[in-house]
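Everything on this sheet refers to the single structure shown next.
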Amino acid sequence: MNPQAKLMFALSLLLGTTITITSNHWIMAWAGLEINTLSILPLIAKSHHPRAIEAATKYFMTQATASALVLFSSMTNAWHTGQWDITQMTHTTSCLILTSAIAMKLGMVPFHFWFPEVLQGSPIITGLILSTIMKLPPIALLYMTSHSLNPTLLTLMAIMSAALGGWMGLNQTQIRKILAFSSISHLGWMAIIIPFSPKLTMLNFYLYVLMTSAIFLTMNTVKVLKLSTLMTSWTKAPALNTMLLLTLLSLAGLPPLTGFLPKWLIIQELTKQNMAPTAIIISLLSLLGLFFYLRLAYCATITLPPHTTNHMKQWHTYKPTSTLIAISIVMSIMLLPISPMIPTIV
Numbered sequence: 001m002n003p004q005a006k007l008m009f010a011l012s013l014l015l016g017t018t019i020t021i022t023s024n025h026w027i028m029a030w031a032g033l034e035i036n037t038l039s040i041l042p043l044i045a046k047s048h049h050p051r052a053i054e055a056a057t058k059y060f061m062t063q064a065t066a067s068a069l070v071l072f073s074s075m076t077n078a079w080h081t082g083q084w085d086i087t088q089m090t091h092t093t094s095c096l097i098l099t100s101a102i103a104m105k106l107g108m109v110p111f112h113f114w115f116p117e118v119l120q121g122s123p124i125i126t127g128l129i130l131s132t133i134m135k136l137p138p139i140a141l142l143y144m145t146s147h148s149l150n151p152t153l154l155t156l157m158a159i160m161s162a163a164l165g166g167w168m169g170l171n172q173t174q175i176r177k178i179l180a181f182s183s184i185s186h187l188g189w190m191a192i193i194i195p196f197s198p199k200l201t202m203l204n205f206y207l208y209v210l211m212t213s214a215i216f217l218t219m220n221t222v223k224v225l226k227l228s229t230l231m232t233s234w235t236k237a238p239a240l241n242t243m244l245l246l247t248l249l250s251l252a253g254l255p256p257l258t259g260f261l262p263k264w265l266i267i268q269e270l271t272k273q274n275m276a277p278t279a280i281i282i283s284l285l286s287l288l289g290l291f292f293y294l295r296l297a298y299c300a301t302i303t304l305p306p307h308t309t310n311h312m313k314q315w316h317t318y319k320p321t322s323t324l325i326a327i328s329i330v331m332s333i334m335l336l337p338i339s340p341m342i343p344t345i346v
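Going left to right, the sequence shown walks through residues 1 to 346 as UniProt numbering numbers them.
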């Protein structure tokens with residue numbers, strides 16, 4: 001793909017995201033979502049591989065359905081209440097349809113089937129965009145309508161997402177699929193707290209974006225896409241792989257790393273809302289995710305030759321790590337000390 005086209009699609013992505021997160025009117029929000037979808041499709045399909053074309057087709061069909069549902073729910077709400085304002089979503093049926101549409105946009109259970117397949121068929125940088133920037137507009141809509149949505153439905157979907165994201169990631173060998181199921185699991189944590197503390201959801205989302213970006217950029221640097229080649233990447237960039245170990249443990253939510261901060265605050269808030277059993281269930285379900293993060297960390301740093309993989313050992317490169325990766329990794333593992341400041345922000 002030529003650089004001018006790539007720049008145009010990147011700017012369109014930023015434009016679509018900005019329109020959606022800054023709009024008050026449903027039609028503008030819908031238009032932003034459509035611009036986003038049309039901008040990312042060429043980036044998914046740019047390799048012309050059958051798997052990439054399949055991923056782009058699945059993505060288009062899913063997102064088109066979800067956008068139609070967003071439009072339908074907003075029109076139904078406007079029909080009953082006369083309001084097109086995003087924050088004035090008060091009609092019960094419209095709220096249920098909107099919850100389903102946003103869940104489909106994000107890839108939450110039970111609308112998760114498209115996400116691992118699309119991520120697996122996309123190039124790794126496009127996968128990073130799909131896992132981070134593309135989730136911002138739906139999360140922003142969820143944030144703006146959080147007071148109107150059904151807490152029971154969101155809690156149910158959140159627990160199913162945490163369970164299924166952890167469970168289905170266990171037997172994967174492709175790193176992009178593992179990160180897709182990791183994303184589904186994290187969406188469960190975001191959805192469960194949004195009716196009670198929307199700002200905590202946004203904090204969780206920002207930290208998830210930070211940690212996921214660090215992992216995707218590291219994988220892109222060492223050119224690794226599956227576990228068997230991850231085992232040989234230690235010799236290529238030892239320092240980067242050591243940092244990858246800590247970032248993976250942070251994404252799993254282990255103290256004293258950054259990833260522990262949102263989980264800790266969410267469990268605290270759920271307990272305040274008299275939802276201690278729910279907090280216990282979702283905490284136990286996150287242990288499933290911990291297993292595959294540990295598996296990735298083990299393959300990245302602890303499995304040294306001689307081992308059973310048939311892949312060739314990679315050459316050690318002295319190419320300096322980019323500043324962006326360095327900053328995102330440092331922030332992914334060292335932000336827990338800022339936790340006393342959070343009550344003043346949230």
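Virtual Cβ for every residue (Gly too), placed ideally from N, Cα, C.
Asked: Taking the C-alpha atoms as reference points, what is the distance between LEU69 and MET211?; Found: 31 Å
Asked: Taking the CB atoms as reference points, tell me whether HIS112 and ILE194 lie closer together than 8 Å.; Found: no
Asked: Answer with buried or exposed for ASN24, where buried requires no fewer than 16 other C-beta atoms within 10 angstroms of its C-beta.; Found: exposed
Asked: Please report the straight-line C-alpha distance between PRO256 and LEU246, rounded to a whole angstrom.; Found: 10 Å
Asked: Of the residues SER228, SER182, THR229 and LEU230, which one's Cα is nearest the Cα of VAL209?; Found: SER182
Asked: Leaving out five residues on either side along the sequence, give the residues of the same chain with a beta carbon under 8 Å from the beta carbon of residue 398.; Found: For the chain, the structure presents residues 1 to 346; residue 398 sits outside this window and is missing.
Asked: Among TYR143, HIS49, MET89 and ALA163, which residue has its Cα nearest to the Cα of GLN120?; Found: HIS49
Asked: Could you check what DSSP says for GLN174 in three-state terms: helix, strand or coil?; Found: strand
Asked: Below 8 Å, how does it come out for the region 153-167 and the region 186-200: are there three or more Cβ pairs, yes or no?; Found: yes
Asked: So for HIS25, helix, strand or coil by DSSP?; Found: strand
Asked: Could you tell me how far apart the beta carbons of LEU187 and ILE215 are, in whole angstroms, since I believe they sit closer than 8 Å?; Found: 16 Å between Cβ atoms; not a contact.
Asked: Count the other CB atoms, across all protein chains shown, that sit within 10 Å of the CB of PRO262; report buried if there are 16 or more and exposed otherwise.; Found: buried
Asked: Return the chain-ordered list of same chain residues with a C-beta closer than 7 Å to the C-beta of ILE329, the five sequence neighbours on each side being excluded.; Found: ALA214, MET243 and THR247
Asked: Going by beta-carbon coordinates alone, are ALA297 and LEU225 separated by less than 8 Å?; Found: no
Asked: Please state whether the Cβ-Cβ distance between ALA66 and LYS105 is less than 8 Å.; Found: yes
Asked: Leaving out the 5 sequence neighbours to the left and right, which residues in its chain are closer than 8 Å to LEU336 when beta-carbon positions are compared?; Found: PRO255, PRO256, LEU257, THR258, PHE260 and LEU261
Asked: Could you check where the alpha helix (DSSP H) with CYS95 kicks off and where it finishes?; Found: 92-106
Asked: Provide the residue span of the alpha helix (DSSP H) that contains ILE327, from first to last.; Found: 323-334
Asked: ALA29 and THR20 - do their beta-carbons sit closer together than 8 Å?; Found: yes
Asked: Leaving aside the five residues before and after GLU269 along the sequence, list all residues of the same chain whose C-beta is less than 8 Å from its C-beta, in chain order.; Found: ILE193, PHE196, SER197 and LEU200
Asked: Using 10 angstroms around the beta-carbon of MET202, count the other beta-carbons present and answer buried if the total reaches 16, otherwise exposed.; Found: buried
Asked: DSSP beta-bridge partners for LYS226?; Found: GLN174
Asked: Under a Cβ-count criterion, where at least 16 other Cβ atoms within 10 Å of its own Cβ denotes burial, should MET89 be classed as buried or exposed?; Found: buried
Asked: Kindly provide the ranges of any alpha helix (DSSP H) runs that are 4 or more residues long and lie completely inside the region 123-210, ordered along the chain.; Found: 124-131, 136-144, 151-168 and 175-193
Asked: Closer than 6 Å by C-beta to residue 371: which residues in its own chain qualify, once you throw out the five before and the five after it? Chain order, please.; Found: Since the displayed the chain opens at 1 and closes at 346, residue 371 lies outside it and no answer follows.
Asked: Quick test of the definition: if touching needs 3 or more C-beta pairs under 8 Å, does the region 52-61 touch the region 34-44?; Found: yes
Asked: Measure the beta-carbon distance from ALA45 to ILE53 and round it to whole angstroms, keeping in mind my assumption that it falls under 8 Å.; Found: 5 Å
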